[in-house]
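Chains as they are written, first to last, in my numbering: chain H, 963 to 1281; chain Z, 318 to 612.
Let me begin by presenting the structure, written as structure tokens, before commenting on it.
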């Protein structure tokens, strides 16, 4: 168990390192650097040389990578190319806001998806299943900006129930984002619910067809006892991993939703940084997002292992 | 021993004919495939059937509602919304229609190869794949697009590259399921080389998975493409594109909702059509799609 835990931790760390290399290399091959972005049209000759000297951009790439990675480990993400502000400071509030949005979407989406997934799985091919399974296909494949636009049109323009745009500033406390945050949360939760619902549904169907469920039925165990005591614990385990994988999508979907609703989060900051060619900021955001993803997936893997003794031995045999 | 064996190609063709019939016999497949075919045909013929020039602006007609002359009204520059909606899928279908087969081909072949060969290189590759998948698609795409520009010649390779990466993983997993079977061991025992085994034993067995995967990738690509257009990183105006049209018309949707609703319906129906088809295809081929991770 401990060996496996360490192995998973190690692999997670390796993934983060590879991501950081990809990010660094990706930004490295872009034409221009932090200095050309900062100096803009004056970026030539003496001025450019001085700036590169000051920023240490003349050193070999490998050395700069190690430097960047080492300071990122200490929580120092460098300075923005535009205005020279500390990135850690810039990112702080935005990250908090994005996590708030993601957490609200998860809080709404996960319980809803599990309930609907179990219901559609138990009543497979009945009208309730067809309704939600088909609805889920629609919800998960319509681009977020489309569903967001339609929701704004209906709930904000026509009905006037909810604000269609976020006007709260980035530094405001979480409570001030209510009720502006509601529509963005609904958009994100809808897609997420769809993904998890489909997974839970197929896993419920699979488990209910299992030998031990049939055995219990033949023994005369009441139906609902079978469902809750025998089937669901096994059916819901894989859901943990799906939730973790949806987080990768969530982090991307958040970007579009934040732009649509003018929400002051990390995603909109990223779009702005890319438009401004603020490379240090792009690097920092990419690293943060990737790390969040890896940590979430690692947690999900470990949680599944702890909850499922079978999987533990399975992993053991693999190695 | 006198009966001539049915040529492999004819057998394969009749099998896909059967799959097509199976897909069409399902309500989801029939609706989905009809929608997809409708959109593809429309994309091809739309330049000849539209009533207006998609670029023609008319300052006297800005943001008009539906009328006899302009069935879906006009946009903020006085351009006909119906014309632009009918033509708005052409760029998206062209780009994703080329990028999807490329993505499935390179991702699929690489996945099959490493699924068969395994070893150190396989381990390293999977870590790199994991690393790529852990970055949100939008970040990866935008960095490349900002570097190289936004034309078709950038979007096609970019989409083909990034959307091939998850295919590697799927193809590799599907290959692992096949490699352990007896007929692969038999082929090995006969002394066949790796390429022969891939061509004769693995590819035919993994193809079903790749087909379904391809249909799904296509819809994700459309989602990505239209999202990029919406954000202003996709096609450049005045080319009509649904994502761009929605972005433009959003500001006026309180008094000209048809400008938003028309491209919304068009884009949604295409994407839903592809997904219904993919769903029916997966069922017809006996593959359950619900297990796939949303990457």
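For every residue, glycine included, the Cβ atom is placed at its ideal position computed from N, Cα and C.
In terms of Cβ geometry, residue 538 of chain Z and residue 416 of chain Z form a close pair [threshold 9 Å]. For residue 1082 of chain H against residue 1095 of chain H, the beta-carbon gap comes to about 6 Å, under 8 Å, which counts as contact. Following the DSSP letters along the chain, one finds residue 1140 of chain H in no alpha helix (DSSP H), marked with neither H nor E. Around the beta carbon of residue 594 of chain Z, a 10 Å sphere encloses 16 or more other beta carbons of the protein chains shown; the residue is thus reported as buried.
Counting the other CB atoms within 10 Å of its CB gives residue 580 of chain Z a total of 16 or more, which places it among the buried residues. Membership of residue 1242 of chain H in the alpha helix (DSSP H) is indicated by the continuous run 1241 to 1269. Taking a beta-carbon distance threshold of 9 Å, residue 1152 of chain H does not count as an interface residue toward chain Z. Close partners of residue 570 of chain Z in chain H (Cβ separation under 8 Å): 1111, 1114, 1115 and 1119. The DSSP assignment places complete alpha helix (DSSP H) segments of no fewer than 4 residues inside the segment 392 to 452 of chain Z at 398 to 404, 407 to 434 and 436 to 450, in order along the chain.
For residue 1084 of chain H, the closest C-alpha among the options H/1220, H/1189 and H/969 is that of H/1189. At a cut-off of 9 Å, the C-beta of residue 565 of chain Z has no neighbouring C-beta in chain H.
Judged by beta-carbon spacing, residue 1142 of chain H lies beyond the 9 Å limit of residue 1219 of chain H, meaning their Cβ atoms are not closer than that value. Look at the segment 1058 to 1095 of chain H and you find no whole run of alpha helix (DSSP H) that is 4 residues long or longer.
Under the Cβ distance rule, residue 1084 of chain H does not count among the residues neighbouring chain Z, no pair being separated by less than 9 Å. For residue 972 of chain H, the uninterrupted alpha helix (DSSP H) run begins and ends at 964 to 991, by DSSP. One Cα belongs to residue 465 of chain Z, the other to residue 991 of chain H, and the distance between them is close to 11 Å. When DSSP reads this structure, residue 543 of chain Z sits in no beta bridge, so it has no partner. Straight across, the Cα-Cα distance linking residue 477 of chain Z with residue 547 of chain Z is about 20 Å. A check of alpha carbon separations from residue 434 of chain Z across Z/587, Z/553, Z/343 and Z/512 identifies Z/512 as the nearest. Contact of residue 1068 of chain H with chain Z is not assigned, every C-beta pair being separated by 9 Å or more. For residue 1105 of chain H, the closest Cβ of chain Z is nearer than 9 Å.
Taking C-beta separations shorter than 8 Å and ignoring five residues to either side along the sequence, the partners of residue 529 of chain Z in its chain run 595, 598, 599, 602, 604 and 606, following chain order. Of the candidates Z/552, Z/481 and Z/500, the residue whose Cα lies closest to the Cα of residue 521 of chain Z is Z/500. Against chain Z, a Cβ distance below 7 Å from residue 977 of chain H picks out 444, 447, 448 and 451.
In this structure, the beta-carbon distance from residue 1223 of chain H to residue 1110 of chain H falls below 9 Å.
In this structure the segment 552 to 572 of chain Z touches the segment 387 to 403 of chain Z; the number of beta carbon pairs closer than 8 Å is three or more. If the five residues before and after residue 456 of chain Z are omitted, its C-beta is found closer than 6 Å to no C-beta atom of its own chain.
Counting the other CB atoms within 10 Å of its CB gives residue 469 of chain Z a total below 16, which places it among the exposed residues. At a cut-off of 9 Å between beta carbons, residue 1140 of chain H makes no contact with chain Z. When Cβ-Cβ separations below 9 Å define contact, residue 1033 of chain H makes no contact with chain Z. Rounded to whole angstroms, residue 404 of chain Z and residue 358 of chain Z show a C-alpha spacing of 11 Å. Per DSSP, reduced to three states, the secondary structure at residue 331 of chain Z is helical.
Listed in chain order, the positions of the segment 451 to 482 of chain Z with a beta carbon within less than 7 Å of a beta carbon of chain H are 451, 452, 453, 454, 455, 456, 459, 460, 463 and 464.
The segment 1229 to 1240 of chain H makes no contact with the segment 1166 to 1174 of chain H; the number of CB pairs closer than 8 Å stays below 3. A distance of 9 Å or more separates the beta carbons of residue 532 of chain Z and residue 485 of chain Z.
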